[in-house]
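Below: one structure, written as structure tokens.
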Amino acid sequence: MYDYDTSDEDDDSLNTTVPFQVAYAVSIHKAQGLEYDSVKIVITDANEDDITHSIFYTAITRARERLRIFWTPETQQSVLQRLGRSANPKDIALLASRRGLKPVNG
């Protein structure tokens, strides 16, 4: 059995309070080319599939001084695994030819 509070009173207990107050929000896309002293990024399981390498890079490089990323350990692991960059054979060959190097196959 559960006891639900049906009052209109605000509950400011630590368990229900978000750890920050949103004063102004801007999408990552609209933030391109801008910088802010403090940036907070919220990534949930609802939007983690939308976080590409370029979107994540754009988001984290908007902060001049303070950056906080709010995500669960599971979301963090999922996003970071997808951000891993694989070596492109064309890029390797181009860089090797420009530097006079021979690529090493591993």
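Position one of the sequence shown corresponds to residue 2 (this note's numbering), numbered consecutively onward. Heads up, the beta-carbon is just placed ideally off N, CA and C, and yes, glycines get one too. Here the structure is a predicted model, which is why all the values come from computation and not from measurement.
Going by the DSSP bridge assignment, what does residue i pair with across the sheet?
i: K41; result: R69
i: A64; result: Y37
Which of the three DSSP states, helix, strand or coil, is assigned to residue i?
i: A32; result: helix
i: A88; result: coil
i: V27; result: coil
What does the Cβ neighbour count give for residue i, buried or exposed, with the cut at 16 atoms within 10 Å?
i: A97; result: exposed
i: V27; result: exposed
i: A60; result: buried
Excluding the 5 residues flanking residue i on each side, which residues of the same chain have their C-beta closer than 8 angstroms to its C-beta?
i: L102; result: L96
i: D80; result: Note that residue 80 is Val in the sequence shown here, rather than Asp. Closer than 8 angstroms at the Cβ level, and outside the excluded window around V80, lie I44, E49, I52, F57 and W72.
So, for residue i: in the same chain, excluding its five sequence neighbours on each side, which residues have a beta-carbon less than 6 angstroms away from its beta-carbon?
i: S39; result: R67
i: A32; result: R63
Could you tell me how far apart the beta carbons of residue i and residue j are, in whole angstroms, since I believe they sit closer than 8 angstroms?
i: L84; j: H54; result: 5 angstroms
i: R69; j: K91; result: About 37 angstroms; that fails the 8 angstroms criterion.
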